[in-house]
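Report on the structure given below.
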Amino acid sequence: MSETVLSTHGLVMRFGGITATNNVSMELRRGARHALIGPNGAGKTTLINQLTGVLTPTEGRITLMGEDITRLAPHKRVARGLVRTFQINQLFDSMTPQETLALVVSQHQGAGAQWWKPLGSSKAIAERAAQLLEQFHLSDVAQQQVKHLAYGKRRLLEIAIALACEPRVLLLDEPVAGVPAGEREELLQTVAALPADVSVLLIEHDMDLVFSFADRMTVLVNGTLLTEGDPETIANDPKVKEVYLGHGTATEAAHV
Ligand SMILES: Nc1ncnc2c1ncn2[C@@H]1O[C@H](COP(=O)(O)OP(=O)(O)OP(=O)(O)O)[C@@H](O)[C@H]1O
Numbered sequence: 001m002s003e004t005v006l007s008t009h010g011l012v013m014r015f016g017g018i019t020a021t022n023n024v025s026m027e028l029r030r031g032a033r034h035a036l037i038g039p040n041g042a043g044k045t046t047l048i049n050q051l052t053g054v055l056t057p058t059e060g061r062i063t064l065m066g067e068d069i070t071r072l073a074p075h076k077r078v079a080r081g082l083v084r085t086f087q088i089n090q091l092f093d094s095m096t097p098q099e100t101l102a103l104v105v106s107q108h109q110g111a112g113a114q115w116w117k118p119l120g121s122s123k124a125i126a127e128r129a130a131q132l133l134e135q136f137h138l139s140d141v142a143q144q145q146v147k148h149l150a151y152g153k154r155r156l157l158e159i160a161i162a163l164a165c166e167p168r169v170l171l172l173d174e175p176v177a178g179v180p181a182g183e184r185e186e187l188l189q190t191v192a193a194l195p196a197d198v199s200v201l202l203i204e205h206d207m208d209l210v211f212s213f214a215d216r217m218t219v220l221v222n223g224t225l226l227t228e229g230d231p232e233t234i235a236n237d238p239k240v241k242e243v244y245l246g247h248g249t250a251t252e253a254a255h256v
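Under full-length UniProt numbering, the residues of the sequence shown are numbered 1 to 256, in order.
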């Protein structure tokens, strides 16, 4: 049996009278491709915000590599290898992908104060940034300001930034949301080619991506864990079909 890298134990998050996370216990295994799905308002974002430390759970515990991180500050979780994809609006619009990645790599390597020196001054940083640019199909736009990038390229840069932090666990938050059809394929291929040793928790509405990517799925409904299993089990689960009826994505889930 593979090792658990991230787990929640009886997690509860209440906002006044609303229970957005209701006693959720789940496990992410090493190297997993695990999807967290559920209809709108199921509590996916709330759960991810607790994993990253944006929210402190009302009850329950979160462990990373066996250590309790329930009350650990968000940046300390990143330092321990729990990384969420960057939000698009957090990118520095006037920087280029090359500068952005060099900055993140140098900060991660503890050379944050020197990032503004000419890129060539640190070979290791420049090389790692170049590697990431290539891996994420960003080499051809490496010198363009982020504000001029196509939407799909920006999403690729968000994932590249997360990878620059050398995650052990990557929380991949709706990577194809809003990406035009013509730019999706590149993004899907890149997500599929993420390093095998990085454990991934994918939060996604797009069932094509979910079923092509995930080897395990957790279904949340109204803050409660409805069921968990491999893609085939989930696709054939009557409870899951019922939940998705009327949500547009059900038919696709049911066809798999
Ligand atoms: N800060 C908050 N204060 C009050 N209620 C909240 C807050 N954040 C989330 N909620 C409520 O918690 C529930 C779960 O919301 P959440 O955004 O986590 O769901 P979701 O599965 O991410 O939905 P979507 O797929 O639409 O993004 C909803 O009823 C929402 O209104």
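The beta-carbon is built from N, C-alpha and C at its ideal position, and this holds for glycine as well.
- Query: DSSP state of residue 63, grouped into three classes?
  - Reply: strand
- Message: On the DSSP bridge list, what partners appear for residue 15?
- Response: 18
- Would you give the residue range spanned by the alpha helix (DSSP H) that residue 132 belongs to? 123-135
- Message: For a test of the three-state rule: what should DSSP assign to residue 23, helix, strand or coil?
- Response: strand
- Contacts around residue 184, its chain only, beta-carbon distance under 8 Å, and the 5 residues preceding and following it disregarded: 152 and 176
- Can we say the stretch 180-197 touches the stretch 17-24, given the rule of at least three CB pairs closer than 8 Å? no
- Query: Does the beta-carbon of residue 54 have 16 or more other beta-carbons within 10 angstroms, so that it is buried, or is it exposed?
  - Reply: exposed
- Task: Quick one: residues in its chain with C-beta nearer than 6 Å to the C-beta of residue 142, no 5 flanking neighbours on either side, listed in chain order?
- Result: 97, 98 and 133
- Considering only C-alpha positions, which residue in the set 243, 238 and 223 is nearest to residue 11? 223
- Task: Starting from the Cα of residue 83, find the closest Cα among 196, 161, 17 and 123 and give me that residue.
- Result: 161
- Task: Could you name the residues whose beta carbon sits closer than 6 Å to any heavy atom belonging to ligand 3, keeping them in chain order?
- Result: You won't find ligand 3 in this model; what it holds is ligand 1.
- Kindly indicate which three-state DSSP category residue 71 falls into: helix, strand or coil? coil
- Query: Can you check whether the CB of residue 34 is closer than 8 Å to the CB of residue 226?
  - Reply: no
- Item | Cβ neighbour criterion (16 or more within 10 Å) applied to residue 56 | exposed
- Query: Who are the near neighbours of residue 13 in its chain, counting only those whose CB is closer than 7 Å to its CB and skipping five residues on each side?
  - Reply: 20, 21, 46, 50, 55, 57 and 58
- Task: Please specify which runs of the beta strand (DSSP E), each continuous and at least 3 residues long, are wholly inside the stretch 172-234, giving them in chain order.
- Result: 199-203, 216-221 and 224-229
- Contacts around residue 38, its chain only, beta-carbon distance under 8 Å, and the 5 residues preceding and following it disregarded: 44, 219, 220, 221, 226 and 243
- Message: Please classify residue 127 as buried or exposed, where buried requires at least 16 neighbouring CB atoms within 10 angstroms.
- Response: exposed
- Message: Just to confirm my understanding: we take residue 62, look at its own chain, exclude 5 residues before and 5 after, and list those with CB closer than 8 Å. What are they?
- Response: 6, 7, 8, 9, 11, 50, 51, 68, 69 and 70
- Message: I'd like to check one pair, residue 145 with residue 94: are the Cβ atoms closer than 8 Å?
- Response: yes
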